[in-house]
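Residue numbers (the working numbering): 72 to 449.
Glycine residues also receive a C-beta, built at the ideal position from the N, C-alpha and C atoms.
The structure displayed is predicted, hence computed values, not measured ones.
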Ligand SMILES: Nc1ncnc2c1ncn2[C@@H]1O[C@H](COP(=O)(O)OP(=O)(O)O)[C@@H](O)[C@H]1O
Ligand SMILES: [Mg+2]
C-alpha cells in the first residue's frame, strides 16, 4: 500500500520532463487502495473511489464532513492521527477495529502520513483484512499458535500416562520372556520412548507463564551464531549488521534463543540442502518507528519498534507451504518435524510480537517485531 503510493509519486517525478503528468487527485482516485485526506480539523478533504466504497459514503457526502461523524472520537484512529501530527512521521497501525454507527470493520491496517504541503493534514490509507493477504499471512501465526497450544495439552494429558504404562509393562516382559521374544519387548520400549520424546517436544507449546525481563538481543544472536558455527552451520558465512544503540527487548532470554536458533537452523538447512555455492546468513537488528499491534482483549496498543532479521541466500520457501508455514507439522524435509516455525510463532505471539516473512529465490527473510523493555518496570 505504502509502496503503491510511493510508486505513483515516483512516476510523477519521472515524467516531469516529458508529457504533463495527470494531477495527484486523478492518480489517487485511480488507486485501488482506499485513501482519505483529512484537514487539521479532521474534516474530509479528499476521498478516492476505493475510499468511498470502503467507508460507504460518496465524496460529495463526505465533503467537509468531520471524520467523527463516521468514527467515534475515542476511536484509536484519532490517536494514530495525533501521533502523526505530533511527530511528523508516517505511522502504520495494524489490526485496528473501526467501529462507528455506519461503519464496522475489523483487522484493518491504517497507514497515516503527514502531508508536508498542508500543515495538519493527514493522508490515511486503509487495508482491509480480507484484502490484506500479506498481513493475513503475518497474523496467521496467532491461530497456528492457538491450535498448537490446544493440541499440546491434549497430547500431554492423554498420551503420556498410558504410554508410561506400556513402557513399564514392556520392561517387565523384557525380564521374563525368553530370548526370542526379548527383541520385541525392547522394540516396544524404544518406540514408547520415541513417542514420549515427541510428546515432550510438543509440551513446550502448552500454556505456561514465563518470566520476562530486559534481554540484550545482540547477546542472544551472538550466542546462537556461535552455536551454529561450531555445529550445524560450520561452513556457512555469517554477517552481522547490529544497531548497537538498540534498547533491550522485553522478553525471555531462553525462549528468544530458541526462536533465533530455529530460524538460523532452517536457514542453514535450506542452504545446505540446496547446495548453495556461497551460503550466507545475515543477522540484522534495527529500530523502526511505527509498527503497532493491538493487544488481544485490551484496548492498549503495543509498540513493536525492535526488528530482528534472519536472512539467507537460499532457494526460498516452497510456494505450496507458504500459506501454512507456521502451522505445526508443515515441513518439506524428510527428517523434519514441522514444529520449528510453529514454536517460533507461539513464542513470538506470547511476547506480543509479530513475524513477517519475505521469500524469493536467493533471499529469504524472517523479521521479528518485538517490544522494548519498558522503563517503568522494576
Ligand atoms: N529459510 C528458509 N528457506 C527455505 N525454506 C524454509 C526456510 N525456513 C523454513 N523453510 C521451510 O519451512 C518448513 C517448515 O520449517 P519448520 O517449521 O522449522 O520445520 P522443519 O524445519 O522441521 O521442516 C521447512 O521444511 C522448509 O520447507
Ligand atoms: Mg526447522
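Asked	Found
Rounded C-alpha distance that separates residue 332 from residue 306	16 Å
Inter-residue CB distance, residue 286 and residue 319 (contact presumed, cutoff 8 Å)	6 Å
Closest residue to residue 129 among 304, 171, 107 and 176 (Cα-Cα distance)	107
Cβ contact check for the region 136-154 and the region 172-181: 3 or more pairs under 8 Å	yes
Buried versus exposed call for residue 393 [16 or more other C-beta atoms within 10 Å across all chains shown]	exposed
Neighbour flag for residue 194 against chain D, beta carbons, 8 Å	Checking the listed chains, one finds no chain D in this structure; it contains a single protein chain.
4 or more residues per run - each alpha helix (DSSP H) lying fully within the region 409-435	411-421
Residue 137, DSSP secondary structure in three states	strand
Residue 132 in three-state terms, based on DSSP	helix
Status (buried if at least 16 other CB within 10 Å, exposed otherwise) for residue 430	buried
Residue 407 Cβ short of 7 Å to ligand 2 heavy atom set	yes
6 Å Cβ shell around residue 310 - same chain, five flanking residues per side excluded	353
Residue 346 versus residue 237 - alpha carbon distance	43 Å
Residue 313 versus residue 192: straight-line alpha-carbon distance, rounded	36 Å
Buried versus exposed, by CB contacts within 10 Å (16 or more), residue 348	exposed
Burial state of residue 263, where buried means 16 or more other Cβ atoms lie within 10 Å	buried
Spatial distance of residue 97 from residue 104 (CA atoms)	13 Å
Per-residue burial, residue 184 [other beta carbons within 10 Å of its own, 16 or more giving buried]	buried
For residue 123 and residue 114, the rounded distance between their alpha carbons	15 Å
Residue 385 Cβ short of 7 Å to ligand 2 heavy atom set	no
Separation of residue 379 from residue 427, as counted between CA atoms	10 Å
Contacting residues, own chain, Cβ-Cβ under 7 Å from residue 75 (five flanking each side not counted)	Confidence in residue 75 is poor, its pLDDT being 47 and thus under 50, which makes the residue's placement unreliable; the coordinate value appears in the next sentence. Same-chain partners within the cutoff: 102 and 104.
Distance cut 5 Å, beta-carbon to ligand 2 heavy atom: residue list by chain order	337 and 411
6 Å CB neighbourhood of residue 204 in its chain, flanking five on each side removed	With a pLDDT of only 46 at residue 204, under 50, the local geometry of the prediction cannot be trusted, and the value read off the model is given with reservation. None.
Contact set for residue 389: own chain, Cβ-Cβ below 6 Å, skip 5 residues either direction	403
Sequence-distant residues of the same chain with beta carbon closer than 6 Å to residue 433, five excluded per side	384
Bridge partner(s) assigned by DSSP for residue 322	284
Proximity to residue 322 [Cα-Cα], best of 375, 360, 351 and 355	375
Residue 358 to residue 166 span [Cα, whole Å]	21 Å
Cut-off 7 Å between Cβ atoms - residues of its own chain near residue 151, not counting five sequence neighbours on either side	162, 164, 181 and 183
Residue 147 - containing alpha helix (DSSP H), residue span	147-158
C-beta atoms of residue 241 and residue 259 nearer than 8 Å	yes
heavy atom of ligand 1 below 7 Å from residue 333 C-beta	yes
Selection from 444, 343 and 441 that minimises the alpha carbon distance to residue 387	343
Where residue 108 falls: helix, strand or coil (DSSP)	strand
C-alpha gap between residue 95 and residue 413, whole angstroms	44 Å
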